[in-house]
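**Student:**
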Amino acid sequence: MNFEFAEDIKFLKENVRKFVREVVEPVAMEIEEKDHIPEHIVEQSKEMGLFSLSIPEEYGGLGLDMVGKCAIYEELGKTHNGYTTLIGAHTGIGSVGIVELGTEKQKQKYLPKMASGEWIGAFALTEPSAGSNAANLKTTAVRKGDKYILNGSKHYITNAVDGHVFTVMAVTDPSKGAKGITSFIVEKDFPGFKLGSVEQKMGLRGSHSAELFFEDMEVPAENVLGEEGKGYINALKILANGRAGLAARNLGSCERLLEHCLSYASEREQFGKPILEIQSVQNMLAEISMQIEVLRSITYRVAWMTDQNQRVVKEAAIAKLFGSEVYNKVADLAVQIYGGIGYMKDYPIERYYRDARITKIYEGTSEIQRNIIASELIRSLKKKEVKS
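If you count the sequence shown from 1, you need to add 10 to reach my numbering.
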């Protein structure tokens with residue numbers, strides 16, 4: 011496996027790193043306080059092509075492979091996670107479904123505007139009764155002529171407030187269980203679409219999640235994404251596709267936390283010397299560094315395997331699970347190194363600590379990732395038994 015980045019990726023990666031440090035970081039506290047990403051940040055992100063990472067060049071995007079996307083996500087992870095989530099949700103689960111499953115007509119209609127950032131993408135699966143049990147959907151879609159009529163609701167939908175294009179899962183045949191779920195491309199201007207209350211979250215300020223309500227919402231039949239009845243499988247594929255990217259974002263956050271910790275430990279003095287010279291602090295820094303290096307290896311291995319069209323169900327679940335566990339551990343150690351100051355809102359460590367927690371829940375909980383890993387191990391065992 012060769013993880014050496016191509017020259018164009020190196021160039022973009024360096025530009026994103028500079029943008030993050032010089033443009034986004036100075037307003038991170040403002041984002042946190044106002045729960046809003048400044049327009050100039052969003053506009054510059056559009057100009058840099060950050061909304062187009064996943065979209066093929068023929069539709070106006072950068073068309074990066076997974077290794078290339080992870081290289082950029084890693085840099086984006088080094089700044090305010092609310093901003094990172096806006097980009098990540100759009101370029102990940104918000105658009106890959108249309109890229110991978112859309113008809114040519116659908117791609118021509120949606121992808122150019124999504125690549126430019128004019129239209130923001132979102133993924134609408136979760137419902138009050140369907141979280142980890144994603145097959146337990148209550149939202150229905152009934153075919154009437156050349157339209158489907160959708161009724162139901164979604165909640166905790168990332169990018170819901172800013173979103174224009176939603177990949178929505180709904181039940182088209184209740185008698186078939188998971189095989190009766192279909193994916194739809196939904197626009198916020200469709201009749202019957204209604205934005206509900208905006209969720210007040212522990213972290214990820216600036217990234218807005220909200221409820222969605224569908225009241226006799228009319229969706230053209232041509233907006234079915236993929237085949238009817240394949241929505242549940244599509245949802246799992248879309249979520250799996252984004253796991254390496256989420257691991258890369260977590261990797262970037264951990265790297266930034268290590269930078270903060272090294273800088274602080276070099277300056278903070280206790281017992282007449284910088285705490286960097288205290289062995290217990292050194293041990294914590296060493297632990298953070300070790301976890302980062304392991305996460306980096308796992309993340310880019312899964313990205314490389316994805317680009318080689320290899321089956322990565324188990325490996326992607328490991329990357330997502332390990333990445334979220336590492337991020338939470340590193341954030342906790344960072345607070346410990348900073349001590350009381352790390353608990354204060356005046357410093358970014360407290361923010362990272364809160365933002366890290368959701369990574370063990372969204373896009374598949376840590377428990378679900380463990381279930382996937384175990385299922386893949388059993389699957390491999392049964393294949394071996396059949397061969398023998």
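Heads up, the beta-carbon is just placed ideally off N, CA and C, and yes, glycines get one too.
Please report the residue range of the beta strand (DSSP E) in which Pro230 lies.
**Tutor:** Note, Pro230: beta strand (DSSP E), Ser219 to Pro230.
**Student:** Which of helix, strand or coil does DSSP assign to Asn161?
**Tutor:** strand
**Student:** Beta-carbon within less than 8 Å of Ile108's beta-carbon, same chain only, minus the 5 sequence neighbours each way: which residues are those?
**Tutor:** Gln116, Lys117, Tyr120, Leu121, Met124, Gly131, Val175, Thr177, Ile195 and Leu235
**Student:** Quick check on DSSP: helix, strand or coil for Glu1?
**Tutor:** Nothing about residue 1 can be read from this structure; the chain reaches only from 11 to 398.
**Student:** In angstroms, rounded to a whole number, what distance separates the CA positions of Tyr357 and Leu160?
**Tutor:** 45 Å
**Student:** What's the gap between the Cα of Asp156 and the Cα of Pro201?
**Tutor:** 15 Å
**Student:** Classify Leu96: buried if its beta carbon has 16 or more other beta carbons within 10 angstroms, exposed otherwise.
**Tutor:** By the 10 Å Cβ count, Leu96 comes out buried.
**Student:** Pull up the DSSP beta-bridge partners for Ile167, would you.
**Tutor:** According to DSSP, Ile167 bridges with Ala220.
**Student:** Using only the alpha-carbon positions, how far apart do Glu17 and Val291 sit?
**Tutor:** 38 Å
**Student:** Need the endpoints of the alpha helix (DSSP H) that Val340 sits in, please.
**Tutor:** Val323 to Tyr348
**Student:** Scan the segment 73 to 154 and note each continuous beta strand (DSSP E) run of 3 residues or more that stays entirely inside, going in chain order.
**Tutor:** Whole beta strand (DSSP E) segments, 3+ residues: 131 to 134 and 150 to 154.
**Student:** Determine the extent of the beta strand (DSSP E) in which Phe176 is found, giving its start and end residues.
**Tutor:** Boundaries of the beta strand (DSSP E) harbouring Phe176: Val175 to Val181, taken from the DSSP string.
**Student:** Could you compute how far the alpha carbon of Val181 sits from the alpha carbon of Glu110?
**Tutor:** 21 Å
**Student:** Look up Leu235 in the DSSP assignment and give the residues it is bridged to.
**Tutor:** Ser193
**Student:** How close, in whole Å, do the beta carbons of Ala220 and Val171 come, if the pair is a contact with beta carbons under 8 Å?
**Tutor:** 5 Å
**Student:** Where does Leu387 land, buried or exposed, given buried means 16+ other C-beta within 10 angstroms?
**Tutor:** exposed
**Student:** Sort out for me which residues DSSP pairs Lys204 with in a bridge.
**Tutor:** DSSP links Lys204 through a beta bridge to Phe223.
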